[in-house]
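Only one structure is covered here, and it is reproduced in the block below.
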Amino acid sequence: MTTLSPARTRMDWPGIFFATLLTVAIVGPLLVVGTWAFTEVWRFPNVIPQQFGFRFWGQTLGRADVWNALMLSLRLTTVVTLLSAVICLPAAYAFARMSFPGRNLLFFSFLAGHAFPKFGLLVAIAAIFLQLDLIGTFWGVVLIQLVGTLMFMIWIPVAAFQAVDRRMEEAARDVGASPLRVFWSITLPQAGPTIAAAVLLSFVGTFYETEGAWLIGAPGIRTMPVLMISYINNQMVIQYGAVLSVLLWAPSFIALMFARRVIGGGAFARGFGG
Numbered sequence: 007m008t009t010l011s012p013a014r015t016r017m018d019w020p021g022i023f024f025a026t027l028l029t030v031a032i033v034g035p036l037l038v039v040g041t042w043a044f045t046e047v048w049r050f051p052n053v054i055p056q057q058f059g060f061r062f063w064g065q066t067l068g069r070a071d072v073w074n075a076l077m078l079s080l081r082l083t084t085v086v087t088l089l090s091a092v093i094c095l096p097a098a099y100a101f102a103r104m105s106f107p108g109r110n111l112l113f114f115s116f117l118a119g120h121a122f123p124k125f126g127l128l129v130a131i132a133a134i135f136l137q138l139d140l141i142g143t144f145w146g147v148v149l150i151q152l153v154g155t156l157m158f159m160i161w162i163p164v165a166a167f168q169a170v171d172r173r174m175e176e177a178a179r180d181v182g183a184s185p186l187r188v189f190w191s192i193t194l195p196q197a198g199p200t201i202a203a204a205v206l207l208s209f210v211g212t213f214y215e216t217e218g219a220w221l222i223g224a225p226g227i228r229t230m231p232v233l234m235i236s237y238i239n240n241q242m243v244i245q246y247g248a249v250l251s252v253l254l255w256a257p258s259f260i261a262l263m264f265a266r267r268v269i270g271g272g273a274f275a276r277g278f279g280g
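Note that my numbering numbers the sequence shown so that position 236 is 242, with each residue one more than the last.
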């Protein structure tokens with residue numbers, strides 16, 4: 007008869023406790039907001055709502071400002087993501103494949119904005135944008151949100167290009183393939199899924215970005231997150247903000263799950279050159 011070794015049967019109770027605590031801290035508020043979104047009557051001291059329904063969904067989705075904010079957010083996010091891809095992907099390829107003076111310093115300079123308190127950085131940029139008449143404009147918000155895409159659109163694509171099998175590229179060159187043919191036939195198919203995940207993360211991060219859109223875009227630009235904050239702060243009916251929260255949360259959850267499956271745990275480490 008075989009017996010299990012103590013190493014295989016020992017339970018990591020502290021780890022389980024803290025993992026459970028973290029899960030409750032993250033999932034708990036989401037469950038409360040999700041419950042409020044489908045609640046019509048919930049009075050204290052009742053633990054569960056007295057009446058569920060979709061009345062507040064109809065009222066929220068029937069507002070013109072909600073659809074205007076949604077269309078603006080989608081248009082803004084699409085422009086920012088495309089511009090970020092055009093600017094950052096060639097830079098990522100250069101960082102991954104080329105050696106030039108100041109490479110490491112320049113690489114980390116793209117990410118320097120994430121090393122400082124974000125709001126303080128936004129205030130400093132807003133002072134510059136004020137002199138350029140970009141406050142309250144669409145392109146002002148585009149420029150400020152481009153800063154937030156650098157982490158995804160530089161770091162992750164660098165890792166993707168570094169992970170490509172160089173032997174396949176060299177074999178293709180040996181049989182006469184041009185550099186462009188090698189890139190389209192070998193490099194891009196291998197790096198493409200991870201780059202697509204980076205683009206998706208950039209799109210999601212831009213869609214939910216709030217501080218820059220509020221500080222630079224006010225009062226003329228009202229994205230969905232900014233509108234949601236306005237609903238929460240100014241509306242006595244909590245269900246309006248809850249409905250918008252669910253609408254904003256569901257797409258991001260799906261996108262992040264897809265990106266997590268594609269990227270894997272080692273992408274950020276390879277972005278350091280590991």
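Virtual Cβ for every residue (Gly too), placed ideally from N, Cα, C.
Below 8 Å on the Cβ atoms is my contact criterion, and I expect T200 with I160 to pass it. Report the Cβ-Cβ distance as a whole number of Å. Actually they are not in contact, since the Cβ atoms of T200 and I160 sit about 13 Å apart, beyond 8 Å.
Cβ-heavy atom distance, A25 to the ligand SAM, below 7 Å: In the structure shown, the ligand SAM is absent, as is every other ligand, since no ligand is present at all.
Would the stretch 29-44 count as touching the stretch 251-258 if we require 3 or more Cβ pairs under 8 Å? yes
From the DSSP output, in three-state form, read off Q65 for me. helix
Does DSSP put Q56 in a helix, a strand or coil? coil
Between which two residues does the alpha helix (DSSP H) carrying M175 extend? Note that residue 175 is Glu in the sequence shown here, rather than Met. Here the alpha helix (DSSP H) through E175 covers R172 to D180.
Three or more C-beta pairs below 8 Å linking the stretch 132-144 and the stretch 205-224: yes
Quick check: G218 and G154, are their CB atoms within less than 8 Å of each other? yes
My output table needs one value for T200: the three-state DSSP class, helix, strand or coil. helix
Hey, how far is the Cα of N110 from the Cα of L156? 15 Å
In the DSSP assignment, the beta strand (DSSP E) including E284 goes from what residue to what residue? Outside the modelled stretch of the chain, which goes from 7 to 280, sits residue 284, for which no answer is possible.
Within 10 Å of its beta-carbon, does R228 have 16 or more other beta-carbons around it, so buried, or fewer, so exposed? buried
Under a three-way DSSP split, which group does G279 fall into? Here G279 scores only 45 on pLDDT, less than 50, and its place in the model is too uncertain to base an answer on.
Out of F167, V210, S251 and S115, state which residue places its alpha-carbon closest to the alpha-carbon of F62. S251
Tell me where the alpha helix (DSSP H) around G126 begins and ends. K124 to Q137
Which of the three DSSP states, helix, strand or coil, is assigned to E215? coil
Out of curiosity, what's the CA-to-CA distance linking S236 and D18? 44 Å
Determine, using beta carbons only, whether V205 and T216 come nearer to each other than 8 Å. no
With contact counted as at least three CB pairs below 8 Å, one residue from each stretch, are the stretch 85-94 and the stretch 138-152 in contact? yes
Quick one: is M263 buried, meaning 16 or more other Cβ sit within 10 Å of its Cβ, or exposed? exposed
Run through DSSP, which three-state label would L140 get? coil
In angstroms with no decimal places, state the Cα-to-Cα distance between F106 and G40. 51 Å
In whole angstroms, what separates the C-alpha of T143 from that of L82? 11 Å
So is M234 buried or exposed if we call it buried at 16+ other beta carbons inside 10 Å? buried
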